[in-house]
Amino acid sequence: MATTDVSERPAKRLSASATKRVLPGFGLSLGISLFFISLVLLLPISGLVIRTAGMGWDQFWFVITDPRVVASYKVTALAALAASLFNCVFGLLMAWVLVRYEFPGKRLLDAIMDLPFALPTAVAGITLATLFAENGWYGQYLAKLGIEVAYTPLGIVVAMAFTSVPFVVRTVQPVLEELAPEDEEAAMSLGASDMTVFRRILFPTLWPAVVTGGALSFARSLGEYGAVIFIAGNSPYVSEVISLMIFVRLEEYDFPAASAIAAVVMTVSLLLLLAINVWQGRYLKRLHGG
Amino acid sequence: MPNAILSTLKLRKGLWFSALALVFSLAGGPASAQERELLNSSYDIARELFAEYNQMFAKHWQEKTGETVNIQQSHSGSSKQARAILQGLDADVVTYNQVTDVNILAERGNLIPDDWASRLPNNSSPYYSTMAFLVRDGNPKNIQNWDDLIREDVELIMPNPKTSGNGRYTYLAALGYAQEQFGDDQEKIDQFMSDLLGHVKVFDSGGRGATTTFVERGLGDVLLTFESEVNNIPELNPDKNFEVIVPKVSFLAEFPVAWIDKNIEKKGTEKLAKEYLEYLYSEEAQRMLAGFNYRVHDETVKKEVADKFPDLKLLPIDEIAGSWEEAMETHFASGGKLDQLQRQR
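Chain order of the listed sequences is A and B.
For the record, in the first sequence the residue sitting at position 239 is 325 according to my numbering, with numbers rising by one throughout.
For the record, in the second sequence the residue sitting at position 14 is 112 according to my numbering, with numbers rising by one throughout.
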């Protein structure tokens with residue numbers, strides 16, 4: 087009796103300290119989380135996969151390599167790339183202004199930065215199409231310069247950039263806030279030019295956040311429908327985006343084909359997110375000397 | 099003190115009860131006079147039309163049976179509406195702008211019999227329209243017929259045939275013209291169609307979108323859409339002086355209606371649903387439809403509005419493409435004629 091008492095006590099203490107967590111009920115909360123993840127994420131995705139699995143491999147291949155669909159991959163990917171590159175520069179600039187400067191209306195500007203997320207994308211699309219049309223506020227001046235935006239691939243880029251810019255701003259902002267101005271001041275006091283400070287001090291710390299934000303913005307742009315559809319012009323092989331091709335297949339009551347194209351987009355987005363996560367993990371490890 | 103509190107409590111309770119009683123009596127009032135419900139699933143641009151028709155029909159139904167009827171409307175692209183019904187939306191009647199979207203309810207869902215089109219007069223299509231052009235003030239490019247559309251300097255706006263019934267109709271109307279013009283010369287027909295599609299500046303995803311692009315954004319020289327829609331635009335935008343051009347040859351665009359047998363059996367709305375659709379053929383309703391710029395079958399009304407609808411040769415689907423099934427298969431399915439014509443040149 088006495089011996090068991092003694093041997094149990096330390097073991098109990100050890101296990102208690104090992105499982106001690108701030109919030110109680112880990113098993114229950116994990117169970118609920120997994121349950122809802124299954125309901126909200128995994129079930130729809132597996133539905134998509136099952137729909138696609140209904141067709142044979144050659145059929146699947148035929149659907150996803152249809153020339154018109156392939157053209158839309160190109161249009162979508164190029165436009166998303168252009169939009170996310172623009173966002174990397176513009177978003178970094180916005181984050182910089184919001185973190186480093188004090189000015190009246192700063193809080194308002196900070197709040198407005200999230201507007202593209204809050205705004206229904208269809209509203210964004212209609213507004214952008216109105217502004218950039220040949221008789222619109224911006225469009226009439228651009229037209230004089232010979233630049234057509236609305237109803238061209240450029241319009242797609244504009245719509246994608248608009249809906250995904252907060253990704254970059256909101257990823258870069260916290261990193262910038264962490265960054266102490268002392269390093270820059272030290273560099274300047276040693277005679278470094280603004281450009282050198284940016285290149286040597288700021289950029290090395292900021293670029294992982296910029297890349298992450300850019301990649302998120304790219305992934306989001308791949309699937310954008312609402313904002314793009316109103317400004318794209320939807321000309322075959324020129325300005326049709328991939329989400330329109332999915333919609334077209336649905337309109338033909340061809341549910342398996344729609345799922346097949348959707349599955350391609352989903353796989354690309356997933357791979358992209360996975361790549362960012364792996365890369366970020368490695369980067370952090372190296373940063374912390376692990 | 100306690101007494102006072104008690105009495106206020108009682109007063110409050112009394113107030114609550116009377117309020118509740120009022121609510122119940124209000125809610126119960128119409129229910130006791132038997133309010134019937136009906137759900138009409140329809141296409142996008144028929145919102146205003148059916149809002150007016152519903153009032154007219156409710157009045158007619160009350161005179162006939164003494165019942166009040168509450169008609170719900172649901173509008174979006176008619177293929178989207180048909181998909182919703184296939185997935186379980188229990189609409190009592192459908193009023194669409196494409197035969198294929200009603201057909202799918204019979205094929206995929208077994209919700210209606212295959213011969214639904216023969217249950218009401220004129221292929222179950224109480225009204226019809228055709229495809230026409232809208233041009234800018236004074237018709238600066240002098241557009242009169244289909245062959246003017248492929249002139250070098252002309253830009254067109256039309257809905258995408260892949261996503262819009264409206265766009266498919268326009269495509270078929272142009273095809274009908276080309277067939278009349280070139281007879282059996284398939285190469286010339288293809289050349290004409292490919293030229294026409296090549297002149298399209300914007301393919302909007304739906305009919306209203308195309309109207310907005312042409313009217314609000316000021317793009318293109320010609321808008322191609324339903325005659326009914328084209329006629330509405332100058333009425334709504336008197337300051338812009340648009341002109342309506344009805345070509346000599348065009349497509350007979352039927353607007354099919356059907357009651358959904360499975361749903362009305364379940365809901366017990368058979369008589370109501372059938373009457374709702376049959377009443378569309380009455381002189382009164384036909385006059386209202388003509389007011390919305392649709393062509394109608396009723397002889398009296400037809401004479402009244404003759405000057406509004408110019409004479410033209412209307413080609414039905416079987417003359418242009420055999421049948422709707424064939425048209426969908428050869429022209430609009432992926433890899434079909436439309437895809438071939440639009441293949442990157």
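Even glycine gets a Cβ: it sits at the ideal position worked out from N, Cα and C.
*When burial is assigned at 16 or more other CB atoms within 10 Å of the CB, is Phe122 of chain A buried or exposed?*
Translated into the one-based positions of the first sequence, residue 122 of chain A becomes position 36. In this structure Phe122 of chain A is exposed. Its beta-carbon is surrounded by fewer than 16 other beta-carbon atoms within 10 angstroms.
*For Trp357 of chain B, which beta-bridge partners are listed by DSSP?*
For this step, residue 357 of chain B is matched to residue 259 along the second sequence. Trp357 of chain B is bridged to B:Val191.
*Relative to chain B, which residues along the stretch 313-329 of chain A have a C-beta separation below 8 angstroms, given in chain order?*
Those would be Ile315, Phe316, Gly319, Asn320, Ser321, Pro322 and Tyr323, in chain order.
*Cβ contact (3+ pairs, closer than 8 angstroms) linking the stretch 297-304 of chain B and the stretch 253-260 of chain B*: Using a C-beta cut-off of 8 angstroms, the stretch 297-304 of chain B makes contact with the stretch 253-260 of chain B, since at least three inter-stretch Cβ pairs fall below that distance.
*asked:* On the CB-based measure, 16 or more other CB atoms within 10 Å of its CB, does Gln277 of chain B come out buried or exposed?
replied: Taking the first residue of the second sequence as 1, we reach residue 277 of chain B at position 179. Gln277 of chain B is buried by the Cβ-count criterion.
_I want to see whether chain A comes within less than 9 angstroms of Ala131 of chain B, judged by CB atoms only; does it?_
Taking the second sequence and counting its residues from 1, one reaches residue 131 of chain B at position 33. With a pLDDT of 49 at Ala131 of chain B, under the threshold of 50, the modelled position of this residue cannot be trusted; read the value that follows with caution. Taking Cβ atoms only, chain A never reaches closer than 9 angstroms to Ala131 of chain B, which makes this a no.
*Could you pull the start and end residues of the alpha helix (DSSP H) that Asn221 of chain B belongs to?*
The count along the second sequence starts at 1 and reaches residue 221 of chain B at position 123. Where Asn221 of chain B is concerned, the enclosing alpha helix (DSSP H) stretches over Pro219 to Ser222.
*Other residues of its chain near Ser170 of chain A: CB distance less than 6 angstroms, five sequence neighbours each side excluded*: By 1-based counting over the first sequence, the position of residue 170 of chain A is 84. Correct list, in chain order: Gly300, Ser303 and Phe304.
*Can you give the Cα-Cα distance for Gly490 of chain B and Phe353 of chain B, rounded to whole angstroms?*
Limits of chain B in this structure are 99 at one end and 443 at the other, which puts residue 490 of chain B out of reach.
*Check each candidate in B:Gly263, B:Pro219, B:Gly389 and B:Leu232 and name the one with the smallest Cα separation from Gln179 of chain B.*
Taking the second sequence and counting its residues from 1, the one referred to as residue 179 of chain B is at position 81. Ranking B:Gly263, B:Pro219, B:Gly389 and B:Leu232 by Cα distance to Gln179 of chain B puts B:Gly263 first.
_Please report whether the beta-carbon of Asn335 of chain B lies at a distance below 9 angstroms from any beta-carbon of chain A._
By 1-based counting over the second sequence, the position of residue 335 of chain B is 237. Not one chain A Cβ lies under 9 angstroms of Asn335 of chain B.
*asked:* Need the endpoints of the alpha helix (DSSP H) that Ala301 of chain A sits in, please.
replied: The count along the first sequence starts at 1 and reaches residue 301 of chain A at position 215. In the DSSP assignment, Ala301 of chain A falls within the alpha helix (DSSP H) that extends over Phe289 to Gly309.
*From Ala215 of chain A to Asp200 of chain A, what does the alpha carbon distance come to, in whole angstroms?*
Start at 1 with the first residue of the first sequence, and residue 215 of chain A comes out as number 129. Start at 1 with the first residue of the first sequence, and residue 200 of chain A comes out as number 114. Taking the straight line joining both Cα atoms gives about 20 angstroms.
*Phe324 of chain B and Ala351 of chain B look like a contact to me (Cβ under 8 angstroms); what is the Cβ gap, rounded to whole Å?*
Here residue 324 of chain B is taken as the residue at index 226 of the second sequence, counted from 1. Here residue 351 of chain B is taken as the residue at index 253 of the second sequence, counted from 1. Contact holds; Cβ gap of about 7 angstroms.
*Examine chain B for any beta-carbon lying closer than 9 angstroms to the beta-carbon of Gly379 of chain A, and answer yes or no.*
Within the shown structure, residues of chain A are numbered from 87 to 376, placing residue 379 of chain A beyond reach of any answer.
_Among B:Arg217, B:Ala271 and B:Lys400, whose alpha-carbon lies nearest the alpha-carbon of Glu417 of chain B?_
Here residue 417 of chain B is taken as the residue at index 319 of the second sequence, counted from 1. That would be B:Ala271, whose Cα lies nearest to the Cα of Glu417 of chain B.
*Below 9 angstroms between beta carbons: does that hold for Tyr339 of chain A and Arg266 of chain B?*
Mapped onto the first sequence, residue 339 of chain A falls at position 253. Mapped onto the second sequence, residue 266 of chain B falls at position 168. In this structure, Arg266 of chain B does not lie closer than 9 angstroms to Tyr339 of chain A by Cβ.
*Quick one: is Leu380 of chain A buried, meaning 16 or more other Cβ sit within 10 Å of its Cβ, or exposed?*
In the structure displayed, chain A extends from 87 to 376; residue 380 of chain A sits before or after that span and is not available.
*Does the beta-carbon of Leu295 of chain B have 16 or more other beta-carbons within 10 angstroms, so that it is buried, or is it exposed?*
Translated into positions along the second sequence, residue 295 of chain B becomes position 197. It counts as buried.
*Could you tell me which chain B residues have their CB closer than 7 angstroms to the CB of Glu337 of chain A, listed as they occur along the chain?*
Numbered from its first residue, the first sequence carries residue 337 of chain A at position 251. Chain B residues near Glu337 of chain A: Ser177, Lys260 and Thr261.
*Shorter than 9 angstroms from the beta carbon of Val254 of chain A to some beta carbon of chain B?*
Taking the first residue of the first sequence as 1, we reach residue 254 of chain A at position 168. No, its Cβ sits nowhere closer than 9 angstroms to a Cβ of chain B.
*Answer with yes or no whether the minimum CB distance from Val320 of chain B to chain A is below 9 angstroms.*
In the second sequence, residue 320 of chain B corresponds to position 222, counting from 1. No, no contact with chain A.
*Candidates B:Ile362, B:Phe430 and B:Thr268: which alpha carbon is nearest Val347 of chain B's?*
Locating residue 347 of chain B in the second sequence gives position 249, counting from the first residue. If we check each option's Cα against that of Val347 of chain B, B:Thr268 comes out closest.
*Of all Cβ atoms in chain B, is any one closer than 9 angstroms to the Cβ of Tyr227 of chain A?*
Locating residue 227 of chain A in the first sequence gives position 141, where the first residue counts as 1. Not an interface residue.
*Can you tell me the Cα-Cα spacing of Lys98 of chain A and Leu116 of chain A, whole angstroms?*
Locating residue 98 of chain A in the first sequence gives position 12, counting from the first residue. Locating residue 116 of chain A in the first sequence gives position 30, counting from the first residue. Any reading at Lys98 of chain A is ruled out, since the residue's pLDDT is 49, under 50, leaving its predicted position unreliable.
*What residue does the beta strand (DSSP E) around His173 of chain B start on, and which one ends it?*
What you label residue 173 of chain B is simply residue 75 of the second sequence in a count that begins at 1. His173 of chain B -> beta strand (DSSP E) spans Thr166 to His173.
*Just the chain B side, please: which residues come within less than 7 angstroms of Phe333 of chain A by C-beta, in chain order?*
Against the first sequence, residue 333 of chain A aligns to sequence position 247. Going along chain B in sequence order, the residues near Phe333 of chain A (Cβ under 7 angstroms) are Thr261.
*Just the chain A side, please: which residues come within less than 8 angstroms of Ile202 of chain B by C-beta, in chain order?*
Position 104 of the second sequence, counting from 1, holds the residue named residue 202 of chain B. The answer, in chain order, is Tyr339.
*Continuous alpha helix (DSSP H) stretch holding Phe121 of chain A: start and end*: As a working mapping, residue 121 of chain A is identified with position 35 in the first sequence. From DSSP, the alpha helix (DSSP H) with Phe121 of chain A extends over Phe112 to Ile123.
*Closer than 6 angstroms by C-beta to Arg285 of chain A: which residues in its own chain qualify, once you throw out the five before and the five after it? Chain order, please.*
The residue you call residue 285 of chain A lines up with position 199 of the first sequence. Within the same chain, Arg285 of chain A has no close Cβ partners at all.
_Paired residues, beta bridge with Lys411 of chain B - DSSP_ = Translated into the one-based positions of the second sequence, residue 411 of chain B becomes position 313. In the DSSP assignment, Lys411 of chain B is bridged to B:Val347.
*Helix, strand or coil at Thr151 of chain A [DSSP, three-state]*: The residue given as residue 151 of chain A occupies position 65 in the first sequence. In the structure shown, Thr151 of chain A sits in coil (DSSP, three-state: anything other than H, G, I, E or B).
*Can Glu220 of chain A and Leu317 of chain B be called in contact, C-beta distance under 9 angstroms?*
Locating residue 220 of chain A in the first sequence gives position 134, counting from the first residue. Locating residue 317 of chain B in the second sequence gives position 219, counting from the first residue. For Glu220 of chain A and Leu317 of chain B, yes; Cβs fall inside 9 angstroms.
_Asn339 of chain B - DSSP class collapsed to helix/strand/coil_ = Here residue 339 of chain B corresponds to residue number 241 of the second sequence, with the count starting at 1. DSSP places Asn339 of chain B in coil when its eight states are reduced to three.
*Using the C-alpha atoms, what's the distance from Glu150 of chain B back to Leu387 of chain B?*
Counting from 1 along the second sequence, the entry for residue 387 of chain B is found at position 289. Counting from 1 along the second sequence, the entry for residue 150 of chain B is found at position 52. About 10 angstroms.
*Starting from Ala431 of chain B, find everything on chain A with Cβ-Cβ shorter than 9 angstroms and list it in chain order.*
Position 333 of the second sequence, counted from the start, is the residue given in the question as residue 431 of chain B. The answer, in chain order, is Glu338 and Asp340.
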